[in-house]
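Residue numbers (the numbering used here), protein chains in the order written: chain A, 165 to 279; chain B, 6 to 120.
Some notes on the structure that comes next.
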Amino acid sequence: AQSVTQLDSQVPVFEEAPVELRCNYSSSVSVYLFWYVQYPNQGLQLLLKYLSGSTLVKGINGFEAEFNKSQTSFHLRKPSVHISDTAEYFCAVSDRGAGFQKLVFGTGTRLLVSP
Amino acid sequence: NAGVTQTPKFQVLKTGQSMTLQCAQDMNHEYMSWYRQDPGMGLRLIHYSVGAGITDQGEVPNGYNVSRSTTEDFPLRLLSAAPSQTSVYFCASSRDPQSSYNEQFFGPGTRLTVL
């Protein structure tokens with residue numbers, strides 16, 4: 165069975181600084197990987213996903229993530245954050261070809277951007 | 006398109022009371038699901054449906070019932086509420102139930118407190 169680890173429960177950062185949110189996963193098969201964002205008092209919204217092909221995936225709002233198979237990681241990055249990026253970010257993994265019932269979410273990382 | 010809508014936004018129940026959380030989507034999605042979100046635990050799948058008349062259990066189904074009489078609606082019933090069911094509940098939907106590579110669209114959530 166898959167599992168997802170988001171080691172950082174909270175990441176404080178100043179506006180315009182770069183940020184990396186870490187995600188590691190474990191699975192015995194090929195996977196799909198996702199990052200979702202949850203703004204305060206809202207539902208989750210898909211930021212980006214890795215299905216296959218290029219290991220560098222670009223998403224909305226200037227975020228990108230890199231799939232590293234050897235390190236089983238899918239870290240999320242942004243070169244310059246804004247106050248509006250303050251939110252909770254969830255990494256998720258699913259076995260390739262599996263249905264949504266196999267999608268496993270991490271525990272989330274709260275990004276706090278201050279001026 | 007309203008997307009995925011959930012009612013109510015907030016609810017307080019006493020132990021032993023019953024209630025139904027409503028979820029509707031207007032995107033003609035086949036797949037619908039219910040998650041609960043608890044601090045430090047990410048999202049956990051309660052029940053899901055791959056089409057009208059078809060439902061199945063997720064990771065944490067105990068204490069919850071669902072039905073799917075139409076494509077649009079997927080209500081979640083708490084038969085006898087317990088304090089352990091205090092949580093934020095999210096409904097989600099997706100076009101194709103067969104593969105998790107599709108995006109899931111989430112509702113805004115229902116914050117439930119059981120006293």
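Built from N, CA and C at the ideal position, the CB exists for glycine as well.
Just so we're clear, the structure is a prediction, and the values are computed from it rather than from any experiment.
Determine, for residue 271/A, whether the minimum Cβ-Cβ distance to residues of chain B falls below 8 Å. yes
Expressed to the nearest angstrom, what Euclidean distance is found between the alpha-carbon atoms of residue 149/A and residue 197/A? Nothing can be reported for residue 149/A, as the shown portion of chain A is limited to 165 through 279.
Run through chain B and tell me which residues come within less than 8 Å of residue 189/A, C-beta to C-beta. Simply none; closest approach about 13 Å.
Which residues of chain C have a Cβ atom closer than 8 Å to the Cβ of residue 81/B, listed in chain order? Here the protein chains are A and B, and chain C is not one of them.
Since residue 247/A sits in a beta bridge, which residues does DSSP pair it with? DSSP lists no partner for residue 247/A.
Can you tell me where the beta strand (DSSP E) with residue 222/A in it begins and where it stops? 220–222
Beta carbon of residue 202/A nearer than 8 Å to that of residue 252/A: yes
DSSP puts residue 74/B in a beta bridge; with which residues? In the DSSP output, where bridge partners are listed per residue, residue 74/B has none listed.
Count the other CB atoms within 10 Å of the CB of residue 81/B; is the residue buried (16 or more) or exposed (fewer)? buried
Apply the 10 Å Cβ neighbour rule to residue 121/B and answer buried if 16 or more other Cβ atoms are within range, or exposed otherwise. In the structure displayed, chain B extends from 6 to 120; residue 121/B sits before or after that span and is not available.
What residues in the region 26–52 of chain B bring their beta carbon closer than 7 Å to a beta carbon of chain A? 36, 38, 45, 46, 47, 48 and 50
So, helix, strand or coil for residue 233/A, using DSSP? coil
Just tell me which of 181/A, 176/A and 187/A has its CA closest to the CA of residue 271/A. 187/A
Cβ-Cβ separation, residue 211/A to residue 222/A (assumed contact under 8 Å), whole Å: With 8 Å as the limit, residue 222/A and residue 211/A do not qualify as a contact, their Cβ atoms being about 10 Å apart.
Leaving out five residues before and five after residue 83/B in sequence, what residues of the same chain have Cβ atoms less than 7 Å from its Cβ? 23, 24, 68, 69 and 90
Can you pull the chain A neighbours of residue 95/B, defined as C-beta to C-beta under 8 Å? 207 and 208
Contacts around residue 64/B, its chain only, beta-carbon distance under 7 Å, and the 5 residues preceding and following it disregarded: 49 and 50
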